[in-house]
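From first to last, the protein sequence lines are chains A and B.
Numbering of the first sequence is given in this note's numbering, commencing with residue 3 and proceeding in unit increments.
Numbering of the second sequence is given in this note's numbering, commencing with residue 16 and proceeding in unit increments.
Yeah, the Cβ is synthetic: ideal placement off N, Cα and C, and Gly gets one too.
Have a look at the structure below, then the notes.
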Amino acid sequence: GNSVTQMEGPVTLSEEAFLTINCTYTATGYPSLFWYVQYPGEGLQLLLKATKADDKGSNKGFEATYRKETTSFHLEKGSVQVSDSAVYFCALGNQAGTALIFGKGTTLSVSS
Amino acid sequence: DAGVIQSPRHEVTEMGQEVTLRCKPISGHDYLFWYRQTMMRGLELLIYFNNNVPIDDSGMPEDRFSAKMPNASFSTLKIQPSEPRDSAVYFCASSPGGRGARNEQYFGPGTRLTVT
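Structure, rendered in structure tokens:
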């Protein structure tokens, strides 16, 4: 079945540093791919998504490109802020397209 | 839109008591999901519904857990009897389904359950 693996954290960066959080997947077919963010004490929020190969999802300065050849969907941001400190989850659709399969989450901590 | 609404936001109960968590999905969404999040196990899908019908309950940990969706705007997750190991944050999420927003889920703020 479909599965997703994301890098373990925590990731600790200084403000304005470049961010990469790796995510790779195993899937049958061409599922949609997602990044969700969870701020302390809150529920998960959709950050960005891509629905087919070579699509680039982007939001709030974050980007991720659906790479079919490397089965990856790495999250990047050119210059992180303290307010980006959160847990980031990579996810993909299940085969039926009815539910999401989430990675274990990566904690990002940004200091000023 | 108010988003997914969950109640209560916090629940503290004693072992052996019945606990009922409530969720109101976004109007018009066909799918509703219940998740549990703990430090040890991360985010786990417990059960999900499509058009009020349970589709996959393989994530429900044991018979003490049950979920219902009597109509399109309301769902409950019940634990009876509760145990300390049930302490977690429980999230409800809903999804519009359909090809255009396939898989996209919207999460509620969660219910933090503490069983003493």
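Would residue i count as contacting chain B if we go by Cβ distances under 8 Å?
i      : result
A/Y100 : It is worth fixing the name first, because residue 100 of chain A is Thr in this sequence and not Tyr. Taking Cβ atoms only, chain B reaches closer than 8 Å to A/T100, which makes this a yes.
A/F104 : yes
A/S81  : no
A/L49  : no
A/G45  : yes
A/S34  : yes
A/G95  : yes
A/G11  : no
Name the residue from the options whose alpha carbon lies nearest to the alpha carbon of residue i.
i      : options                      : result
A/T22  : A/G31, A/P12, A/T28          : A/P12
A/K70  : A/T28, A/G105, A/G95, A/Y38  : A/T28
B/K39  : B/Q95, B/H25, B/P124, B/E119 : B/P124
B/I41  : B/R79, B/S88, B/E26, B/H25   : B/S88
B/D72  : B/G57, B/Q95, B/L47, B/R56   : B/L47
A/G99  : A/D86, A/T30, A/L77          : A/T30
B/L60  : B/G112, B/Y105, B/P99        : B/Y105
A/A93  : A/L48, A/D86, A/E78, A/S16   : A/L48
A/L15  : A/Y32, A/T67, A/A88          : A/A88
B/N118 : A/V84, A/S74, A/L77, A/Y32   : A/Y32
A/F20  : A/Q97, A/E44, A/T72, A/E65   : A/E65
A/L77  : A/V84, A/Q83, A/G63          : A/G63
B/V34  : B/W49, B/G43, B/L92          : B/L92
B/S22  : B/L58, B/S90, B/G57          : B/S90
For residue i versus residue j, is the C-beta distance shorter than 8 Å?
i      : j      : result
B/Q52  : B/S97  : no
B/M30  : B/T131 : yes
B/N65  : B/D78  : no
A/S5   : A/G95  : no
B/F122 : A/L46  : yes
B/I4   : B/M75  : No information on residue 4 of chain B is available, as it lies outside the stretch 16 to 131 that chain B covers here.
Work out the CA separation of residue j and residue i for me, nearest whole Å.
i      : j      : result
A/Y41  : A/F91  : 11 Å
A/A101 : A/W37  : 14 Å
B/N67  : A/T108 : 33 Å
B/S102 : B/T28  : 10 Å
A/C25  : A/S113 : 23 Å
A/G105 : A/E10  : 10 Å
B/L36  : B/I70  : 19 Å
B/N24  : B/R127 : Residue 24 of chain B is actually Arg in this sequence, not Asn. Answer to the nearest angstrom: the Cα atoms are 6 Å apart.
B/S109 : B/Q120 : 5 Å
B/F80  : A/D86  : 35 Å
A/N61  : A/V39  : 11 Å
A/T73  : A/Q97  : 16 Å
B/P99  : B/C107 : 21 Å
Please confirm if residue i has its CB atom under 8 Å from at least one CB of chain A.
i      : result
B/Q95  : no
B/P111 : no
B/I20  : no
B/F64  : no
B/G31  : no
B/P85  : no
So is the beta-carbon of residue i under 7 Å away from any non-hydrogen atom of the ligand MN?
i     : result
B/M55 : Absence of the ligand MN is noted for the structure shown, with no ligands found whatsoever.
Check distances from the C-beta atoms of the stretch 35-50 of chain B to those of chain E and list, in chain order, the residues that come in under 9 Å. Reference to chain E is not applicable here, since the protein chains of this structure are A and B.
Pairing CB atoms from the stretch 48-56 of chain A with CB atoms from the stretch 18-28 of chain B, are three or more of them under 8 Å? no
Using a Cβ distance threshold of 8 Å, determine whether the stretch 55-70 of chain A contacts the stretch 67-85 of chain B, with at least three qualifying pairs required. no
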